[in-house]
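Step one of this worksheet: look at the structure below.
There are 2 protein chains.
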Amino acid sequence: MKKIKTRDRILQTSLALFNSVGEPNVTTLLISDEMDISPGNLYYHFKSKGDIVEELFDQYELDMLDLLTVPEDADISLDQQGFFLHLLFETVARYRFLYQDLVNVLSRYDQLRVRFKRIQKKKTSAFRAICESFRRQGTLIIDQEELDSLCEQLTLTACYWSAFDTLSHLDDRESVDPGRGVYHMMHLVIPYLAPADREEARLMSRDYL
Amino acid sequence: MKKIKTRDRILQTSLALFNSVGEPNVTTLLISDEMDISPGNLYYHFKSKGDIVEELFDQYELDMLDLLTVPEDADISLDQQGFFLHLLFETVARYRFLYQDLVNVLSRYDQLRVRFKRIQKKKTSAFRAICESFRRQGTLIIDQEELDSLCEQLTLTACYWSAFDTLSHLDDRESVDPGRGVYHMMHLVIPYLAPADREEARLMSRDYL
DNA sequence: GTCTATATTGTGATAGAC
DNA sequence: GTCTATCACAATATAGAC
Numbered sequence: 001m002k003k004i005k006t007r008d009r010i011l012q013t014s015l016a017l018f019n020s021v022g023e024p025n026v027t028t029l030l031i032s033d034e035m036d037i038s039p040g041n042l043y044y045h046f047k048s049k050g051d052i053v054e055e056l057f058d059q060y061e062l063d064m065l066d067l068l069t070v071p072e073d074a075d076i077s078l079d080q081q082g083f084f085l086h087l088l089f090e091t092v093a094r095y096r097f098l099y100q101d102l103v104n105v106l107s108r109y110d111q112l113r114v115r116f117k118r119i120q121k122k123k124t125s126a127f128r129a130i131c132e133s134f135r136r137q138g139t140l141i142i143d144q145e146e147l148d149s150l151c152e153q154l155t156l157t158a159c160y161w162s163a164f165d166t167l168s169h170l171d172d173r174e175s176v177d178p179g180r181g182v183y184h185m186m187h188l189v190i191p192y193l194a195p196a197d198r199e200e201a202r203l204m205s206r207d208y209l
Numbered sequence: 001m002k003k004i005k006t007r008d009r010i011l012q013t014s015l016a017l018f019n020s021v022g023e024p025n026v027t028t029l030l031i032s033d034e035m036d037i038s039p040g041n042l043y044y045h046f047k048s049k050g051d052i053v054e055e056l057f058d059q060y061e062l063d064m065l066d067l068l069t070v071p072e073d074a075d076i077s078l079d080q081q082g083f084f085l086h087l088l089f090e091t092v093a094r095y096r097f098l099y100q101d102l103v104n105v106l107s108r109y110d111q112l113r114v115r116f117k118r119i120q121k122k123k124t125s126a127f128r129a130i131c132e133s134f135r136r137q138g139t140l141i142i143d144q145e146e147l148d149s150l151c152e153q154l155t156l157t158a159c160y161w162s163a164f165d166t167l168s169h170l171d172d173r174e175s176v177d178p179g180r181g182v183y184h185m186m187h188l189v190i191p192y193l194a195p196a197d198r199e200e201a202r203l204m205s206r207d208y209l
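Dropping the structure here:
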């Protein structure tokens with residue numbers, strides 16, 4: 001049995017606490033308390049609370065950029081899109097503390113601002129790539145203005161679904177349900193699908209409920 | 001010339017500061033400083049910072065509930081819907097500090113949670129009333145599942161557009177643009193409109209850009 | 001109503017022994 | 001690497017004079 005290094009346990013515990021009670025409400029004392037180590041020990045591994053946040057953001061950024069590398073000219077199926085959305089929402093859920101206090105967190109750690117914006121842009125691009133693939137295949141019937149609006153809407157929903165969802169059960173912030181997010185994302189796209197594909201997509205979307 | 005009472009100036013200044021730098025970043029000292037009064041004076045009028053937040057929330061709640069009283073069975077026109085959305089986004093923009101740190105604020109002032117949820121529900125109901133009016137008039141062609149999804153999506157967008165928009169210009173949080181929000185809301189509805197009404201709605205939506 | 005202290009507390013962070 | 005002790009500081013809030 002491998003022993004998890006304290007440094008990694010700090011990251012792990014912090015992430016869990018951030019997600020469940022919100023990053024601004026988590027003190028370094030709470031983290032060390034939860035782990036049964038001393039505050040001093042925590043500061044031996046990280047020179048500040050901000051450093052913990054930043055390192056978690058590094059992980060998030062890696063996961064996201066990796067996920068968002070969508071091939072520009074491949075033919076993407078509805079199935080593949082569903083799978084992609086599923087992974088996307090899972091990643092968002094893992095780091096949901098970021099999204100739940102997004103404006104706040106980014107206003108305090110301004111090195112993260114530009115990096116987050118870059119990820120947002122990549123998200124929009126990924127959605128656009130998928131939609132354009134659908135359009136090329138005749139699955140999606142949409143003009144330019146609608147496409148722009150749709151992609152921005154998808155980005156907004158991908159960003160804020162998790163926060164919107166926790167509003168409904170602010171009492172226990174542990175439970176998350178990425179599925180309903182995927183369902184909503186699909187229903188943004190469905191009205192623009194060719195009639196032939198619409199029913200299939202609707203059936204598929206229900207699997208995520 | 002009428003002199004504004006200190007108590008009201010505190011509310012006014014707090015709201016402005018909350019909106020521009022975020023409620024969690026605003027201290028009672030910053031408020032009193034900005035107004036050129038002493039911290040003690042501030043605490044003569046409000047026994048805590050939370051009381052200021054709550055009183056601002058009272059105003060917000062009044063404004064919102066008033067706005068959301070949508071007649072259940074009247075025939076609503078596209079124009080009227082546009083006007084409604086415009087007012088809605090203006091109100092959200094006035095109290096945008098609430099939305100920008102929503103999870104955080106509601107987690108610290110838990111008396112506000114249930115009240116906010118109630119307002120959210122009323123919003124969804126209002127959207128549903130409008131959509132159902134459209135449907136009765138033959139303007140909107142949509143089945144039940146799609147309608148549910150659409151109304152929830154409208155609620156999400158109404159809630160988070162302002163926060164999503166400030167992400168783009170986190171540098172100056174003063175400027176707000178409710179127009180683009182209205183535009184997006186309309187584009188959520190447009191795909192479900194009867195073909196005859198779609199073009200009119202698209203033209204109308206562009207006025208809000 | 002308004003001011004000038006000042007008390008209080010919580011949090012981030014460091015020093016130095018083990 | 002880990003602990004105990006402690007500092008420094010900022011923010012909320014109060015007391016009492018004017």
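So the sequence lines, in the order shown, correspond to chains B and L. Note that the UniProt record's numbering has the first sequence beginning at 1, numbered continuously upward. Note that the UniProt record's numbering has the second sequence beginning at 1, numbered continuously upward. Think of the CB as a built atom: it goes at the ideal place given N, C-alpha and C, for glycine as much as any other residue.
Practice task
Counting only runs of 4+ residues fully inside the UniProt domain "HTH tetR-type" (4 to 64) of chain B, write out the alpha helix (DSSP H) ranges in chain order.
Solution key: Listed in chain order, the complete alpha helix (DSSP H) runs (minimum 4 residues) inside the UniProt domain "HTH tetR-type" (4 to 64) of chain B are 6 to 21, 28 to 35, 39 to 45.
Practice task
Quick one: list the residues of chain B neighbouring Pro191 (chain L), beta-carbon separation under 8 Å, in chain order.
Solution key: The sequence position of residue 191 (chain L) within the second sequence is 191, counting from 1. Residues of chain B passing the Cβ test: Glu146, Pro191, Tyr192.
Exercise for the section: Could you check if Val26 (chain B) is buried or exposed, using at least 16 other CB atoms within 10 Å of its CB as the buried criterion? Expected result: Position 26 of the first sequence, counted from the first residue, corresponds to residue 26 (chain B). Buried: at least 16 other Cβ atoms inside 10 Å.
Exercise for the section: Establish whether the CB of Phe83 (chain L) and some CB of chain B are separated by less than 8 Å. Expected result: Mapped onto the second sequence, residue 83 (chain L) falls at position 83. Not an interface residue.
Problem - In DSSP terms, what Leu170 (chain B) is bridged to - result: Counting from one through the first sequence, the residue named residue 170 (chain B) turns up at place 170. In the DSSP output, where bridge partners are listed per residue, Leu170 (chain B) has none listed.
Exercise for the section: Identify the continuous alpha helix (DSSP H) that holds Ile119 (chain B) and give its terminal residues. Expected result: As a position in the first sequence, residue 119 (chain B) is number 119, starting the count at 1. Per DSSP, Ile119 (chain B) belongs to the alpha helix (DSSP H) from 110 to 136.
Practice task
Leaving out five residues on either side along the sequence, give the residues of the same chain with a beta carbon under 6 Å from the beta carbon of Ile4 (chain B).
Solution key: Here residue 4 (chain B) refers to the residue found at position 4 when the first sequence is read from its first residue. Once the five neighbours on either side are set aside, Ile4 (chain B) has no close Cβ partner at all.
Problem - Selected residue, minimal CA-CA separation from Asp148 (chain L), among L:Val189, L:Ser32, L:Ser175, L:Pro195 - result: Working through the second sequence from its first residue, we reach residue 148 (chain L) at position 148. Here the closest residue by C-alpha is L:Val189.
Practice task
Find out if the Cβ-Cβ distance for the pair Ser32 (chain B), Leu42 (chain B) is shorter than 8 Å.
Solution key: The residue you call residue 32 (chain B) lines up with position 32 of the first sequence. The residue you call residue 42 (chain B) lines up with position 42 of the first sequence. Contact flag set, yes.
Handout entry: Near-chain L residues of the stretch 107 to 122 of chain B - C-beta to any C-beta below 9 Å
Key = Those would be Ser107, Arg108, Asp110, Arg113, Phe116, Lys117, Gln120, in chain order.
Handout entry: Of the listed residues L:Gln100, L:Ser168, L:Tyr183, nearest to Phe164 (chain B) (C-alpha basis)
Key = Taking the first residue of the first sequence as position 1, residue 164 (chain B) is located at position 164. Nearest to Phe164 (chain B) by C-alpha distance, out of L:Gln100, L:Ser168, L:Tyr183, is L:Gln100.
Practice task
Using beta-carbon positions only, say whether Val105 (chain L) and Glu23 (chain L) come within less than 8 Å of one another.
Solution key: Against the second sequence, residue 105 (chain L) aligns to sequence position 105. Against the second sequence, residue 23 (chain L) aligns to sequence position 23. Their beta carbons are under 8 Å apart, which means Val105 (chain L) touches Glu23 (chain L) by this criterion.
Handout entry: Pro178 (chain L), enclosing alpha helix (DSSP H) - first and last residue
Key = Against the second sequence, residue 178 (chain L) aligns to sequence position 178. Where Pro178 (chain L) is concerned, the enclosing alpha helix (DSSP H) stretches over 178 to 189.
Practice task
Take the Cβ of Tyr208 (chain L) as the centre, count every other Cβ of all protein chains shown within 10 Å, and call the residue buried at 16 or more, exposed below.
Solution key: Numbered from its first residue, the second sequence carries residue 208 (chain L) at position 208. The residue is buried, with at least 16 neighbouring Cβ atoms inside 10 Å.
Exercise for the section: Examine chain B for any beta-carbon lying closer than 8 Å to the beta-carbon of Pro24 (chain L), and answer yes or no. Expected result: Taking the first residue of the second sequence as 1, we reach residue 24 (chain L) at position 24. So yes, Pro24 (chain L) belongs to the interface.
Exercise for the section: Count the other C-beta atoms from every protein chain shown that fall within 10 angstroms of the C-beta of Thr69 (chain B), then say buried if there are 16 or more, exposed otherwise. Expected result: Sequence index remark: in the first sequence, residue 69 (chain B) carries index 69 (1-based). Around the beta carbon of Thr69 (chain B), fewer than 16 other beta carbons sit within 10 angstroms, so the residue counts as exposed.
Handout entry: Under 8 Å between C-beta atoms of Arg108 (chain L) and Glu61 (chain L)
Key = The sequence position of residue 108 (chain L) within the second sequence is 108, counting from 1. The sequence position of residue 61 (chain L) within the second sequence is 61, counting from 1. Not a contact, by the Cβ cut-off of 8 Å.
Exercise for the section: Confirm, please, whether the CB-CB distance from Ala194 (chain L) to Leu88 (chain L) is below 8 Å. Expected result: Counting from one through the second sequence, the residue named residue 88 (chain L) turns up at place 88. Counting from one through the second sequence, the residue named residue 194 (chain L) turns up at place 194. It is not a contact, given that the beta carbons lie outside the stated cut-off.
Handout entry: Contact set between Asp101 (chain B) and chain L, taken where Cβ atoms lie within less than 8 Å
Key = As a first step, residue 101 (chain B) must be located in the first sequence, where it is residue number 101. The answer, in chain order, is Asp101, Val103, Asn104.
Handout entry: Contacting residues, own chain, Cβ-Cβ under 6 Å from Thr124 (chain L) (five flanking each side not counted)
Key = Position 124 of the second sequence, counting from 1, holds the residue named residue 124 (chain L). Same-chain partners within the cutoff: Cys151, Thr155.
Problem - Short Cβ contact (8 Å threshold) for Ile119 (chain L) with Leu56 (chain L) - result: Taking the first residue of the second sequence as position 1, residue 119 (chain L) is located at position 119. Taking the first residue of the second sequence as position 1, residue 56 (chain L) is located at position 56. No; because the gap between Cβ atoms is not below 8 Å, this pair is not in contact.
Problem - Ser48 (chain B), buried or exposed, once every other Cβ within 10 Å from all chains shown has been counted against 16 - result: For this step, residue 48 (chain B) is matched to residue 48 along the first sequence. Exposed: under 16 other Cβ atoms inside 10 Å.
Practice task
Could you name the residues of the stretch 48 to 73 of chain L whose beta carbon sits closer than 9 Å to any beta carbon of chain B, in the order they occur along the chain?
Solution key: Cβ contacts with chain B: none found.
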